Structure formats: structure tokens, C-alpha cells
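Numbering-wise, our numbering puts 610 at position 31 of the sequence shown, and it's gapless, one number per residue.
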Amino acid sequence: MTMFFDSEIDRIFKKMSGSFFDTDNIFEEFKGDSNSSPLFYGCTMTVGPDGKPSVQEYGNVKPNRLSVSDTKEAIVDTIVDEKEKVVKLIAEMPGVEKTDVKILVDKNIVDISAEHSEKKYHTKVPLKHKVDENSAKATYKNGILQLVFKLVVEKQTGKKVEVE
Numbered sequence: 580m581t582m583f584f585d586s587e588i589d590r591i592f593k594k595m596s597g598s599f600f601d602t603d604n605i606f607e608e609f610k611g612d613s614n615s616s617p618l619f620y621g622c623t624m625t626v627g628p629d630g631k632p633s634v635q636e637y638g639n640v641k642p643n644r645l646s647v648s649d650t651k652e653a654i655v656d657t658i659v660d661e662k663e664k665v666v667k668l669i670a671e672m673p674g675v676e677k678t679d680v681k682i683l684v685d686k687n688i689v690d691i692s693a694e695h696s697e698k699k700y701h702t703k704v705p706l707k708h709k710v711d712e713n714s715a716k717a718t719y720k721n722g723i724l725q726l727v728f729k730l731v732v733e734k735q736t737g738k739k740v741e742v743e
């Protein structure tokens, strides 16, 4: 019984470790190319106020696709401050200047791009809260872009009914 168990564990381990070693072959063609930028892929998961998880992908390589882009996707965190009644977007874009950053807000989607010599960034961030587009204030310092919007507070409609 022990021999069967040991051989079964060995078989499972070899199958699992084989998939790890096969990934080296995928990136073999990029090893000799000194002009290519680092390859990265990741995702962030947050839980919204409604309790539903939201997953955002980032990187210059997507799963099942080996297309590499010169343009990197900026890593963006969204912070909703209910106390201050603002939504903050914080984007990491090192290597560019303040004058290189372009921001376009259209229908609750923020399009952020920047280009400086060989550094290129582009990302689109959907806003899950209603914001006042005209209230946007942006600052850029040490590779960090901070964009702040005022939340639109919806007034309750209807008539209050007193209980007798």
C-alpha cells in the first residue's frame, strides 16, 4: 500500500512540476532581445460597497496571448472616501513628466496616458460611483498621479410620510 501511495504522489508531483518548467519555454524567444521591456502580468481584486468582488488585470502580457506592447498599463488604485465625499484615483507612472500626462474623463471612464522618451503608459479606469467630472483635480509627483473627483450625492426623491 505504501509503495502505491508513494508512486502516485511522485506521478502527481511530476505532472505539477512539469507545468512550471514548461513556462520557461514560452518566454525563451524574448531572452536574447535586449530592447524588450520586462514582461509582467497581474491582477488586483477589491470588494465594492455592494459586496461584489471586482478583478482588474494589468500588465503588458495577457494570458493566452504573447503580444508584448511598448505601452505599459499604469497600476491604478481607486479609493472612495465617504467622509470627504471624494473618489481618488492613484496611478503609478514612473519615468514621465507632469507635462506628459494626459487625462480624459468621459461617461464615468477615466482614460490616462503618458509618454516620455521610451516610457509609455495607458489605462482606462471605469468609475463605479457617480462623480462630478468638472470637479477633477490632478497632481503628479515622483511618479505618482493622484486624481480627485467629488462624489455626486443623489438627493432622495419622493415624499416623506409621517406615521400617525
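For glycine and all other residues, C-beta sits at the position ideal for the given N, C-alpha and C.
Owing to the predicted nature of the structure, the values given are computational and were not obtained by experimental measurement.
Can you give me the Cβ contacts of K664 inside the same chain, cut-off strictly under 8 Å, excluding the 5 residues immediately before and after it?
On the sequence shown, position 85 is the one that residue 664 refers to. Shown here for K664: same chain residues with a beta carbon closer than 8 Å to its own, the five before and five after excluded, namely K729, L730, V732 in chain order.
Beta-carbon separation (whole angstroms), V655 vs L668, contact threshold 8 Å:
Indexing the sequence shown from 1 puts residue 655 at position 76. Indexing the sequence shown from 1 puts residue 668 at position 89. Right, the Cβ-Cβ distance comes to about 6 Å (below 8 Å), so this counts as a contact.
Return the residue from the list V634, P673, T657, D629 that minimises the CA-CA distance to T744.
Residue 744 falls outside the range modelled here, since the chain spans only 580 to 743, and no answer is possible.
Nearest residue (CA-CA) to A670, options M624, L726, V634, L706:
Taking the sequence shown and counting its residues from 1, one reaches residue 670 at position 91. Nearest C-alpha to A670: L726.
Which listed residue (D660, Q635, C622) has its alpha carbon closest to that of P628:
Position 49 of the sequence shown holds residue 628. For the residues D660, Q635, C622, the minimum Cα distance to P628 belongs to D660.
From L683 to I691, what does the alpha carbon distance come to, in whole angstroms?
Locating residue 683 in the sequence shown gives position 104, counting from the first residue. Locating residue 691 in the sequence shown gives position 112, counting from the first residue. Between L683 and I691, the C-alpha separation is close to 7 Å.
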